[in-house]
Each structure stands twice: as C-alpha cells, then as structure tokens.
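Numbered by our numbering, the letters in the sequence shown go through residues 2 to 1085 in order. The beta carbon of each residue, even a glycine, is placed where N, CA and C say it ideally should be. This structure is a prediction, so every number in the text was calculated from the model and none was measured.
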Amino acid sequence: MAAPRPPAADPAASSAAGSSSDCGSDGETASIRIGDGQVLIRASAGSGKTFQLSNRYLALLRRCPPERILAVTFTRKAAAEILDRVLNRLAAAALDAEERRRLGSFIGDISEEECLQLLAGLTRQLHRVRIGTLDGFFSRLASSLSLEIGLPPDWRIVDEHADRDLQRRAIDAVLHERNGQFVGPLVNLLAKGDSPRSIGRLIEDAVANFYDVSRLVPAAAWSRIPQGGVVSGEELQALIAQVAALRLPPGGQLAKARNKDLALIEVGDWLSFMGSGPAAKLLAGETKYYRAELPEELVAAYRALLAHARGILLKAWSEQNDATRQLLDRYHEARRRLLLETGSIRFNDVASALAERVSAIDGPTLVHRLDMDLDHMLIDEFQDTSLNQWRVLRPFVEDVVQRPRGTFFCVGDVKQAIYGWRGGVAALFDKVARETPGIQEQQLNASRRSSPPVIEAVNEVFLNLSRHLELGEIGTHVDDWRRAFPRHATVNNHLSGYVRLESSDLLEGNADEHRLACSARAADLVAELMQTHPRATIGVLAQRNAVVARTMYDLGQRGILASEEGGVPMTNSAAVQLVQSVLRFADHPAHSIARFHAAHSPLGPLLGIEAQMSDKSAHAAALAIREELARTGYEAAVARWAAALRPLCNSREWSRLRRLRGLAAAWQPEATLRCSDFADRIDNEKVEEPSESRVRVMTIHKAKGLEFDIVILPDLDTKLCDVPAYAACGPGPAELPDTILVYRNQALTALLPPELQRAVEEQQRTGVQESLCCLYVAMTRAAHALYMIVRPQPARDGKIGKLPATAAGLLRATLADRPDAPPSARLYECGDPEWRQPLTVDGLGSEDEAARPVKPARPLLLPLEGGRRRRREAVAPSASIRSLKVSGDRLLSLSASEFTERGSLWHAWCQEIGWLDDGLPPRDRLLEIAARVRIGGGPFEEDLDAFLTAIGRPAIRAVLLQSRYRPEQAGKLPAALGAVCRQEDLRLACHTERRFTLIDGDRHLSGMIDRLVVLSRGETPVAVEVLDFKTDAGGDASGRSAAYEEQLRLYARAAARSLGLDPGVSGATLVWLATGTVRNVPVR
C-alpha cells in the first residue's frame, strides 16, 4: 500500500481520556484507554471480550464518525452482538445515571446529552456503520476491485451445495482432459501404486485435503524431498549376491533374518526391509544383532542396500508429492475456467484473489473504490484469522498504525483456536504482538460466565497436563500448551455450580459400543437434569457429527425434545421423500423403487404413476412430469404436488413441504435438464426446526461463542492427534509455507532430513494443540454445571492399563486420584450437586442469590448404588416390571409379521378417531393412511373391513363415545374415575398418540399413550383415563395380561403426574380390538 493518507479531522469535541479505575461497579475489568494507541487483548473464555471491544468502539465514536471505524469478526451473529452491545449501552446510559456512570468509568466521563447525540447519530447513520464480518468486508473489497484481482465483473458467492457441483464439474474436466491421458499416471502415483476403488473419489480427497493450502505455496514447495542413493540394476544384483554369498551359521537368527531380507528385496518391499532385522539395527546406530557383532562384510553390503532403499522410498514419495501438485494445478485451472464461465466463487477464493494482489493497489485507489477511509481498525477473534485473510488486512492495519491518531485493536484467545482445519493460524496473534510498533498487551483471565467449580476444574486440568505420563511423542506439545496456560479466576464468585467426571456403564465392548454407551448416559443425564433444574439450558457437545446424531436419537427415545444445531436433513420427512421419488422417476422411468413409492401415494393418481405399468406408459408419465417442471417451474410444480399430500401431513410434514417449495424457488435459476439433480440437492439440504427446547445438541465447533447453564460432554475418547493429510511449514511461525509434504507414515518420516522432519513435527504440534483448544472451549461453555463422561478402564488382574492419549485420558490424569476407571464410577466431583439456578438466566448470576461456599474438589471413585450400573435404566413402560432389562417391544410383541402388518396399521387408524359421536373418518382417508403406513403396499380393503367390524363391537364402541363419562355410566368406570364423572360441568378432551417421559425411582421411563382422555372443570384437570389398544388375543389368552396391566399402570401414573394429579384419580383401560374385550385396570 502507498504512503499513509492524512488523518481525518476530529469532529468530536469531547475528550477520549479513559478512567484509570480497574473495574466498574459490577466488577468488570477496565479496558485500555483510547489514548494508549495500539492494543492487543488476550481474552480467556467468558472474560468479556465483546464488552472490551464495545468499550473501544464507543470511545472511538466520541472522536470519529462511524464510517472511519472498521470492526470485523467472523460470524454474522457475533457482528450483530457487537452492534447490539454498542447501541444498548448507549441507550442505557442515556436513560439511567448509574448506567452512565458505569459507561464513563470505561470511556471517560460522559453526559446524558452526549449519549443521546451519539445514539441519534449512530442510528441515523446505520448504513455507514462498518461493523460486520470479514467475509462481508472482503466481498465489498473484491466487488470494487474485480478486474484488478482477476475476477469476472458478475462474480457471486455460491453456497456449499453449488460449490460441490462446481467441484464435481472441475474434476470431470480434469478426468477428461486429453481423453484422460494425463490423469492415469498421476492417479497411479497418488494412490502410491495401489489400484484405487474410485479415481473420482481419489481426486475428491486430494482436492479436499490439499487444494486450499496449495494456493499458498509456490511450486518449488512440493519438491523439497531429497533425491539420490539409488543404485543401478546391476549394482543392486551385485549387492544381493554379496549378501546371499555370506557364510553365516546355518539355522542361526542372523541367517534367518538375512534370508527373510532377501525375500523382501526380491518383491521390492523396501519399507519392511528397513523396519526389521539387521537393517533396523543399523538404522538405529547399532552393529549387534542378538548380542552378536554383525560381520563387516554384511554391514557394508547392508549400508549400501539401506541407502538404495531410502532413495527408492523417498523417490516414490517425491513423485507422489509432484503428482499431487500437478493434479491440483489442473484442478485449479478447471475451477478458473468455471469461474469465468459461471461467475461462481467461494469465500476462500475471494480471500486468495485479494491476498495475491491487494498489496499492489495504491492507497488513493482503495479509498476511492471503497468509499472508505479508515482511521481505526478493530478485529475480533483474531486467533481464527487465516494467512490469506491477514495478507489482505495487513496493509490496512499498517496504514492506520502509521497515522498520527490512527489506532489498531485486536482481541482473541489462542486457547480457543479451533478452526485450524479451515485455515486459521493462531500463531498470527503472537506475530502481531511482536511486530506491531508500540502495541500494548492486556490479559483477561477472570471468567464472567462460569461458576467457581467449573473454573476450578478448568485450572486443575490445564495447569496439570504433565500428570499424564503416557503421551509419548506428543507429550512435548501438550506440555508446551500447559506452560502457556494462565490460571483463571471468576468474577461472579457467588455463582453456585458443580462439576463431575464419570465413567459409563459398559464394561466390555468395541469403540463404537463405548461411544453408544456414553451417548446413552448423556441422554439419561439430560432427563435427570431437566427434572432437577427445570429452567436450566443444557448443551450436549460432541467432537463428531456421528455422536451428535446418536445423542439426538437417544433423547428422542426418551421423549425429550432437543434442538440440533445446524439443522436436520430435509429428507427426514416422508412427504419430501415422496417428492424425491417423483423427481427420480421423471428422470428414470424404469426406477422401480421410485415408481412404486410414488404410486402408493396421492402423487401416483395425480401424476399418472402406477406400480405396475408398461414401459410406454411409464415414459409418458415421466415426460409429463418433466414438461410440467419446464413449463411451470420447480416452485409451482412442487406447490401443486404438496397440495395433494397435505391431507396426509401433520404440521411438521407440511412445514417441510413449505420449505421444499422455497428450496425449489431457489433451485430454479440453476436448474439443469435432469430432475434428479434437484432430488440430489434435497439430499444435501438441512433445515432448522423451530424448537423451544432447553436442550441443544451440537459439535464443539458450533458451540463456540455460546454458553449453557449445564454442559454435558459425552465424546471425549478421540485421539489428541490424528494422522495429518499433509505437513507444511514456512521460514518462521505464521509465515507462508515454503515446504509441503503429502503425509505418509512415521517410518518414512524418519528417512527425511531434519528440516523436513520438523515440518511433520510442527503439523503434529498444531493438531495436538487444536485438540486441547477444543477441550478448553467445551469445558468453558458451562455457566453452572459440567458433566464429563468417559469410557471405563478398570484394572485387570491387579494391572492398570495404559492411560489413553485422548481428552478422556487427560481428564482422568488430572482430576481422578488413580488411573483406572471402573464402570459407572464418579471419578471426580467439585461443588454442590444441588446447586441453585439464579432467578436471572443470563449465565452471570443474580446479585440477590445468597452466596454459597464451594465445596473443595475431591477425587472420587465410588460405584453407584445398585452395582456397576451408573445410569438410570432407560425402559419403555411396555417392559415388564419384573424384567426391566428386556425391551418392551420384545416382551409384548406378537409375531413380527403380525405386529408390523396389523398392529401398526390398526394403531394408525385408531389415532384418527376422536369421539365416535362425530363419526368415523372417511373410508378414503383410512385407506390413504394405510398406504402410508404399510411399506409393503395393499390390498387394504380386507384389513379395513376387519378394523371397522372391531370398532363397531358394542364394548369397543362404548369406550370411544363421550357418553362413557356421563354420570349414569359412572358405575362402569374405575371407582375413583367414576366418582369424578358423577360431578356436573365436566369438560372432556381426547388426545391420541401422546408421547411421555417419566423418572420413576431409578428408572427413566418413556412411551406412547394410545388414547388419553382428560376430564377438566373449567381449565383445571381433575381426572384422566388412559386407554391402550391391543391387537392380539384378548384377556388371558395372550398370556401377557399381567405385563399389560403393569404397563398401563405406569402409563396412567405418567399421565397423572404430567397434569399434576394424584394417580388415584386416574383410570386405565385395556382394549382388545380383535376380540372386543375391554378391561378396567386398577391403578395402585
């Protein structure tokens, strides 16, 4: 960038001098004053970094118009939070003298009049306020400089779905380049000589792993692996003959090793040759084998063979590196052509284009193009900044720093640098601290979010990571992180809270089974905590998406409504799947599954699709669908199809169809000639489901910036360091890489020269430290309580297994008093398990809450009551009370075919019946339901006739009429329920298929009530009856009456408790549809 521009005139008359006080009335840490110039704040989790940034912005606003201040962060939500904080603090200060005094303690004395002036000026100029995201800033910059940075004039940012399509098209272009003659040899090298199952998948993996980093490095960076040492074929044969001719004691260990090595050399397995026998000893610097000195002739020959082996292996590695570069270059050229053709580009590509050329553009041109002349820059979450992003920002920072009154402010926390996988370089934070002239650093390590027990556990873990003595080669990286970790404190010492580390209940099992056990335990904990802390927000945080999905399933099985951050697949809807089948049938009329699915739905008759139809008819129907899509567009077509499905949809299904219509409208501009492309697009779409649930399940990365009253961590058994895809390093920390290696394995890494081994080591360090950052972020999301679940590792035969190099291993090493972990054990506790939630649920506590002393931390290893089973038994009430460990379905089911073919169908029909006083649902409606429920298809007429005959039986009909609850019928009801029915002015409400969850002693019960009748006086429930429909033989003929009755008692108890009633005023009735038998069940 050119020489600094002259500073703008200062329009504000007020002083910007800040208070020297260290804290405000509420204990907030004071920000560095505006007069201090360049400022870098290291803000630990929950320490108030947004508060500090808003202080800085407000202080600047007093002396500078908003268009000359740029504040950027990484997400729209964070940007909105900053702007909200600025506006709200100004508004509060304008209205309240005490708020004004508090604001003045941070930015200098300020009057009511000035607050009003600043607020009015800011709100009138919101279009000039430059508080936003880095991506937004870069987009504006690139739009103003399209030609200079090589972008087409009509470029646009595409979403991830369109980007996947562009990637596929670019890969196709590479595969077909010159009829594929370039790709074959490259793919062979990429696959290291193996035959890949899919060439396309191999290229996709290469693009996913290496494309972004490849745009940072020069071509020479791929060619750092040294070459040489390979002997000619004749020389190799001479060495082999020399080794074979050596006279060694027959049958000895050395002779056996020599013969084995010759066999390995014969097949070219040089890596195995170097990894065992005399060769491995010589590589380790030893000359003895089984305590005997190796013959000099053998040593000399083996050293020559080792040099050859090293040369062969490194040559193959170098060729793989070069093949990767060539492939990525070709892919980049294909993407470049698509960019010029379509104008479609990713955010990452915008940053790359700017990074390469923005520094060459002079300052006046930038000011003119952007209509933006900056005096002050504020950057939030700086630890997540990528190298390319910094290359774009750096000229602006250097410019404002050089201005007489310009300032630069950045805030971040390298302990929360969890986005290295998308390019974030935490070391940039330290680089800026070192290289910015006159910059002042401040540390904020007092949490305003978390309770003392949570922070005590955080300190105990991260200040004592060296207690884990079995980390091996990554131990140094872990210890480096520990040494840089500052001790944390709390601002709100009155907050009560609790921390627990516990093991799951599964003693034996593989990794997947242990993962399931931890997820199930998390779901049980949620059920318990929802009852004991009914107002608390609960976050279940996991490392892996698979654990998120499983936990959502486990919560659903317990009847707990939870919100999955990031949304759920749109295809999790029967109606949407039907539309997809129509689309796929339209493209492929011979697609028998899609045709069958669509035919057995209202879309079949609507679109002329039949399960059995001639090829000619199928092609005609498919053509008609394609013509409709081409004529009316996707949105109109989907709207018409959705209208036909609406009678079968509940509110959730209809909501999905409305969202699908919106997606169809968005798809129309990019629609292809293939209908199935839209079906595939639907597969990748996720939707946010509106939910008022206090429970949210998400990955740790999505939880960044959030807080919960309670945090549960069930996914702690992941390795601290996964195998990296590549290793890259530059001449110094946070420098552009000048070396890159496709990672192979540790054995090959040992063959590299020291400088390249350091690249691998640095990549490993980055991975380990990011894992530690994830653990830190996860633990510090908790305001009050933190529950951590690990897999058991009991002692066996008095021996304690090796502590794993995982987050769970670190927690056990630092918190528990011994390294083993029996099943269902509490390994550590801190705080008060009966902690109270403040009246204000803001994560900062309530001032009127009585301060409660925190119990000292104490390691525990206590098996819970009832043996090793830690979590409550999760059962359906359909399980017998005497055999709770047998699932209800298995205990009570009929034969599998009868249950699925008749039971589920009749229950679905019963669900549609309210009061028979209003008549039965139309026959067509019941047949439509049958087509939806029975996957195997019709005919349904016979089943429906049998069902209607059953409903018409006098005893069955009587329980479905409102007259059942009239005073004259009271004698036919259970005594307590009958007594209620003798009263006047009762209001009846009937509900079908009501799910429930209930904590009953040491069991967590969940199930589905077939029919629930609530009797109310006015708006107050006074009694309830639960009716359960059975489709097997009635009475004792089924042999299961006792279990059925116990099941129904639990149903009635759950229904009564949910309405705040005594179970004594509830009724329970078993209804056998097949035999017309009705039995009242006493509720004890």
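Asp-1: first and last residue of the uninterrupted beta strand (DSSP E) it sits in: With the chain represented from 2 up to 1085, any question about residue 1 goes unanswered, as that position is not in the structure.
Under the three-state reduction of DSSP, which class applies to Ser-497: helix, strand or coil? Mapped onto the sequence shown, residue 497 falls at position 496. Three-state DSSP puts Ser-497 in coil, outside helix and strand.
Return yes when the Cβ of Thr-993 is within less than 8 Å of the Cβ of Arg-1012, no when it is not. The sequence position of residue 1012 within the sequence shown is 1011, counting from 1. The sequence position of residue 993 within the sequence shown is 992, counting from 1. Yes, these two residues count as a Cβ contact at 8 Å.
Specify, as a first and last residue, the run of the alpha helix (DSSP H) that Met-531 falls within. On the sequence shown, position 530 is the one that residue 531 refers to. Unbroken alpha helix (DSSP H) run through Met-531: 512–533.
Cutting at 7 Å between CB atoms, please list the residues of its own chain near Leu-263, excluding the five before and the five after it. Taking the sequence shown and counting its residues from 1, the one referred to as residue 263 is at position 262. Result list for Leu-263: Ile-241, Val-244 and Ala-245, in chain order.
If we require 4 or more residues per run, which alpha helix (DSSP H) segments fall completely within the segment 665–753? 676–684, 701–704 and 747–750
Counting beta carbon pairs with one atom in the segment 450–468 and one in the segment 811–826, are three or more of them shorter than 8 Å? yes
Outcome for Ile-200 when other beta-carbon atoms lying within 10 angstroms are tallied against a minimum of 16: The residue given as residue 200 occupies position 199 in the sequence shown. With 16 or more Cβ atoms within 10 Å of its Cβ, Ile-200 is classed as buried.
Note the first and the last residue of the continuous alpha helix (DSSP H) segment covering Tyr-212. In the sequence shown, residue 212 corresponds to position 211, counting from 1. Taken as a continuous stretch (DSSP letters only), the alpha helix (DSSP H) holding Tyr-212 covers 200–215.
Same chain, Cβ closer than 6 Å to Gly-25, five either side skipped, listed in chain order: Residue 25 sits at position 24 when you count from the first residue of the sequence shown. Low per-residue confidence applies at Gly-25: pLDDT is 38, beneath 50, and the placement is therefore not dependable, though the value from the model is reported in the following sentence. Counting only Cβ-Cβ distances below 6 Å, and skipping sequence neighbours, we find Arg-103 and Ser-106.
Return the first residue and the last residue of the alpha helix (DSSP H) that Gln-403 is part of. Looking up residue 403 in the sequence shown gives position 402. Here the alpha helix (DSSP H) through Gln-403 covers 388–403.
Chain-order list of residues whose beta-carbon lies under 7 Å from that of Arg-782 (same chain, five-residue window excluded): The sequence position of residue 782 within the sequence shown is 781, counting from 1. If we look at Arg-782 and ignore the five residues flanking it on each side, its Cβ neighbours are Gly-540, Leu-542, Ala-704, Leu-707, Glu-708, Phe-709 and Val-712.
Mind listing, in chain order, the continuous alpha helix (DSSP H) runs of no fewer than 4 residues lying wholly within the segment 113–147? 113–125 and 135–145
Tell me whether Val-459 sits in a helix, a strand or coil according to DSSP, three-state version. Indexing the sequence shown from 1 puts residue 459 at position 458. Val-459: helix per DSSP, three-state reduction.
Quick check: Val-527 and Leu-54, are their CB atoms within less than 8 Å of each other? Reading the sequence shown from its first residue, position 526 is the one you call residue 527. Reading the sequence shown from its first residue, position 53 is the one you call residue 54. No.
Beta carbon of Arg-125, beta carbon of Asp-374: below 8 Å? Locating residue 125 in the sequence shown gives position 124, counting from the first residue. Locating residue 374 in the sequence shown gives position 373, counting from the first residue. No, the pair does not count as a contact, with Cβ atoms beyond the cut-off.
Rounded to whole angstroms, what's the CA-CA distance from Leu-862 to Leu-502? Just pull it up for me. Residue 862 sits at position 861 when you count from the first residue of the sequence shown. Residue 502 sits at position 501 when you count from the first residue of the sequence shown. Confidence is the limiting factor: at Leu-862 the pLDDT is only 36, short of 50, which leaves the residue's position unreliable and the question unanswerable from this model.
Classify Thr-950 as buried or exposed, calling it buried when 16 or more other Cβ atoms lie within 10 Å of its own Cβ. Position 949 of the sequence shown holds residue 950. Per the 10 Å Cβ criterion, exposed.
May I ask which residues mark the beginning and end of the alpha helix (DSSP H) holding Ser-1067? Taking the first residue of the sequence shown as position 1, residue 1067 is located at position 1066. Run containing Ser-1067: none in the alpha helix (DSSP H); it sits in the beta strand (DSSP E), 1067–1073.
Residue range of the unbroken beta strand (DSSP E) whose run includes Leu-787: Reading the sequence shown from its first residue, position 786 is the one you call residue 787. Looking at the DSSP string, the run of the beta strand (DSSP E) that includes Leu-787 is 783–791.
What does a CB cutoff of less than 6 Å around Asp-97 pick up in its chain, not counting 5 residues either side in sequence? The sequence position of residue 97 within the sequence shown is 96, counting from 1. Taken in chain order, the list of residues that qualify is empty.
Residues of its chain near Thr-408, where Cβ-Cβ distance is below 6 Å and the 5 sequence neighbours each way are ignored: Counted from its first residue, the sequence shown places residue 408 at position 407. Answer for Thr-408: Gly-38 and His-377, listed in chain order.
Selected residue, minimal CA-CA separation from Arg-632, among Leu-674, Ala-352, Leu-928 and Gln-254: Locating residue 632 in the sequence shown gives position 631, counting from the first residue. Checked all of Leu-674, Ala-352, Leu-928 and Gln-254; the closest Cα to Arg-632 is Leu-674.
Using the Cα positions of Glu-628 and Met-614, report the straight-line distance between them to the nearest angstrom. Here residue 628 is taken as the residue at index 627 of the sequence shown, counted from 1. Here residue 614 is taken as the residue at index 613 of the sequence shown, counted from 1. Each residue's Cα considered, the two are about 20 Å apart.
Please state whether the Cβ-Cβ distance between Leu-341 and Pro-154 is less than 8 Å. Position 340 of the sequence shown, counted from the first residue, corresponds to residue 341. Position 153 of the sequence shown, counted from the first residue, corresponds to residue 154. No.
Could you work out which residue in Pro-975, Cys-982 and Arg-43 is closest to Ala-428 when comparing CA atoms only? Here residue 428 refers to the residue found at position 427 when the sequence shown is read from its first residue. Measuring from the Cα of Ala-428, the nearest candidate turns out to be Arg-43.
Own chain partners of Glu-514 with C-beta closer than 7 Å, once the 5 adjacent residues on each side are dropped: On the sequence shown, position 513 is the one that residue 514 refers to. Leu-507, listed in sequence order.
Buried or exposed: where does Ala-386 fall if 16 or more other Cβ atoms within 10 Å of its Cβ makes it buried? For this step, residue 386 is matched to residue 385 along the sequence shown. For the sequence presented, residue 386 should be read as Thr rather than Ala. Burial call: buried.
Which residues mark the beginning and the end of the alpha helix (DSSP H) in which Thr-950 is found? The residue given as residue 950 occupies position 949 in the sequence shown. First-last of the alpha helix (DSSP H) with Thr-950: 942–953.
Same chain, Cβ closer than 7 Å to Gly-421, neighbours up to 5 away in sequence not counted: Start at 1 with the first residue of the sequence shown, and residue 421 comes out as number 420. Counting only Cβ-Cβ distances below 7 Å, and skipping sequence neighbours, we find Thr-767 and Glu-771.
Would you list the residues sitting across from Asp-431 in a DSSP beta bridge? For the purposes of this step, residue 431 is taken as the residue at position 430 of the sequence shown. Looking at the DSSP assignment, Asp-431 forms no beta bridge with any residue, so it has no partner.
In the structure shown, what three-state DSSP assignment does Arg-1012 receive? Counting from 1 along the sequence shown, the entry for residue 1012 is found at position 1011. Strand at Arg-1012.
Counting only runs that start and end within the segment 961–1001, where is the alpha helix (DSSP H) found for 4 or more residues in a row? 976–982
Could you check the C-alpha separation between Glu-235 and Asp-166 for me, to the nearest Å? Counted from its first residue, the sequence shown places residue 235 at position 234. Counted from its first residue, the sequence shown places residue 166 at position 165. The straight-line gap from Cα to Cα measures roughly 52 Å.
Who are the near neighbours of Ala-971 in its chain, counting only those whose CB is closer than 6 Å to its CB and skipping five residues on each side? Locating residue 971 in the sequence shown gives position 970, where the first residue counts as 1. Taken in chain order, the residues that qualify are Gly-979, Cys-982 and Arg-983.
DSSP state of Glu-835, grouped into three classes? The residue labelled residue 835 in the question sits at position 834 within the sequence shown. It is coil, neither helix nor strand.
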